[in-house]
Amino acid sequence: MNEQQLSALLNQVRSGGISPEAALERLRLPPTEELDSARLDHHRLLRTGLPEAVFGENKTVSQLAEILQAMLRRPMPVLTTRVDPAKAAQVCAQVEGLRYHETARLLTGNAEHVPQNSGRGTVAVVTAGTSDLPVAEEARLCLELFGHETATVYDAGVAGIHRILAHCGLLQRASVIIVAAGMEGALPSVVAGLTPAPVIAVPTSVGYGAGAGGFAALLGMLNSCAPGLAVVNIDNGFGAACMAAAINRKKPQD
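Each residue of the sequence shown is one higher than the last, beginning at 143 in the working numbering.
Given below as C-alpha cells:
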C-alpha cells in the first residue's frame with residue numbers, strides 16, 4: 143500500500159464508505175511476504191516513497207519468477223534490475239505482465255500503478271558517450287517508474303565540449319541532473335559548473351586499461367572541485383535514480 147492508497151482508505155472510513163473493521167482487515171496484511179527464495183518488503187513504498195526493487199543479476203529464473211509473480215499481485219510498480227536478455231526471455235515466458243528493456247537490462251511491470259507527477263521538476267539524464275547508455279537508461283527508466291519526468295542529453299562528452307554547451311538551457315531548468323561518464327570521468331564536473339541544480343555523477347566501467355573498470359572515473363568525480371556534485375557507485379544507475387527521486391520528490395504540501 144502506498145501513501146495515496148492509505149490516504150484514500152482513511153477518507154473512505156471518514157465518509158462512511160467503508161467500515162473501520164473492513165479497513166482494519168485491509169491494513170492487517172503483513173508488510174512482508176515470505177517466499178521460498180525471498181522475503182518481500184511490501185511496506186517500503188509507504189515508508190520510503192520508493193517501491194522495492196529486485197536485483198536480478200545473481201538470481202535464477204525460478205527465483206525471479208516466484209518473486210515477480212508475488213510482486214505483480216500488489217498494487218505497486220514492479221522493478222527488477224540487471225537481467226540479461228536470455229534470462230529475461232525465460233522469466234517473461236513464465237510470468238505474464240512483464241516488459242523487458244534490453245539496453246537498461248530492466249524487467250518492469252504493473253505500469254498502471256506508476257505514480258503520476260511525483261516530482262517538482264524534470265530530472266535530466268546526461269551521458270558522456272553512447273557506451274554509457276546502459277547505465278543512463280537504467281536511471282531514466284527507474285525514475286519514470288517512480289513517477290518523475292525526465293529529459294536526456296546523450297553522447298555529449300568533453301572531447302567535443304560544444305555538445306554539452308548546446309544544452310545549457312535544459313541544464314539550467316532541470317531540478318536534478320544525473321551524469322554518467324567513463325574514461326577520465328570529467329563530464330560531471332563540467333555540468334556542475336553550468337547549472338544551479340544538484341548533479342549526481344555516475345562513474346561507468348567504460349574505458350581502456352588504466353580506467354580500471356570505472357575506478358579512474360570514480361576517483362576523478364570524487365576529487366571534483368565543482369560545487370553541488372555527489373557521486374554514486376560505479377555503473378549504479380539505479381542508485382542515482384533513487385537519489386534524484388528523493389531530491390526531486392514533491393512534499394505533501396506541494
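Built from N, CA and C at the ideal position, the CB exists for glycine as well.
{"Check": "Candidates A358, V344 and G335, of which the one nearest Y350 by Cα", "Outcome": "A358"}
{"Check": "Spatially closest choice to L214 from L240, E286 and M385, by CA coordinates", "Outcome": "L240"}
{"Check": "Meets three-Cβ-pair contact criterion under 8 Å: the stretch 223-241 and the stretch 184-191", "Outcome": "no"}
{"Check": "Touch test, the stretch 188-203 against the stretch 153-169, Cβ-Cβ under 8 Å, three pairs minimum", "Outcome": "no"}
{"Check": "contact_flag[the stretch 304-318, the stretch 234-250] where n(CB pairs < 8 Å) is 3 or more", "Outcome": "no"}
{"Check": "Boundaries of the beta strand (DSSP E) in which G251 is found, first to last residue", "Outcome": "L248 to G251"}
{"Check": "Which listed residue (S347, P369, G381 and V374) has its alpha carbon closest to that of T272", "Outcome": "S347"}
{"Check": "Length of the line joining the Cα atoms of K393 and Q258", "Outcome": "14 Å"}
{"Check": "S260 and A382 closer than 9 Å at C-beta", "Outcome": "no"}
{"Check": "DSSP-derived helix/strand/coil call for R186", "Outcome": "helix"}
{"Check": "Same chain, Cβ closer than 6 Å to D297, five either side skipped, listed in chain order", "Outcome": "G271 and T272"}
{"Check": "Among L148, N390 and G379, the one whose alpha carbon lies nearest that of T269", "Outcome": "G379"}
{"Check": "For E238 and G302, the rounded distance between their alpha carbons", "Outcome": "45 Å"}
{"Check": "The alpha helix (DSSP H) enclosing I376, as first and last residue numbers", "Outcome": "Counting along the chain, I376 falls outside any alpha helix (DSSP H), and DSSP gives it neither H nor E."}
{"Check": "Beta-carbon proximity list for V203, same chain, < 8 Å, skipping 5 on both sides", "Outcome": "K229, Q232, V233 and Q236"}
{"Check": "E291 versus A343 - alpha carbon distance", "Outcome": "19 Å"}
{"Check": "Simplified DSSP assignment, three categories, for L177", "Outcome": "coil"}
{"Check": "Beta-carbon contacts of L287 that lie in its chain and below 7 Å, excluding the five residues immediately before and after", "Outcome": "P219, L221, T250 and V256"}
{"Check": "C-beta contact flag for A266 and V300 at 9 Å", "Outcome": "no"}
{"Check": "Runs of beta strand (DSSP E) wholly within the stretch 303-368 (minimum 3 residues, chain order)", "Outcome": "318-323 and 341-345"}
{"Check": "Backbone secondary structure at T202 - three-state DSSP", "Outcome": "coil"}
{"Check": "Nearest residue (CA-CA) to L283, options A150, A372 and A195", "Outcome": "A195"}
{"Check": "Exposed unless 16 or more other CB atoms sit within 10 angstroms - verdict on G158", "Outcome": "exposed"}
{"Check": "Cβ-Cβ distance between V333 and I306 below 9 Å", "Outcome": "yes"}
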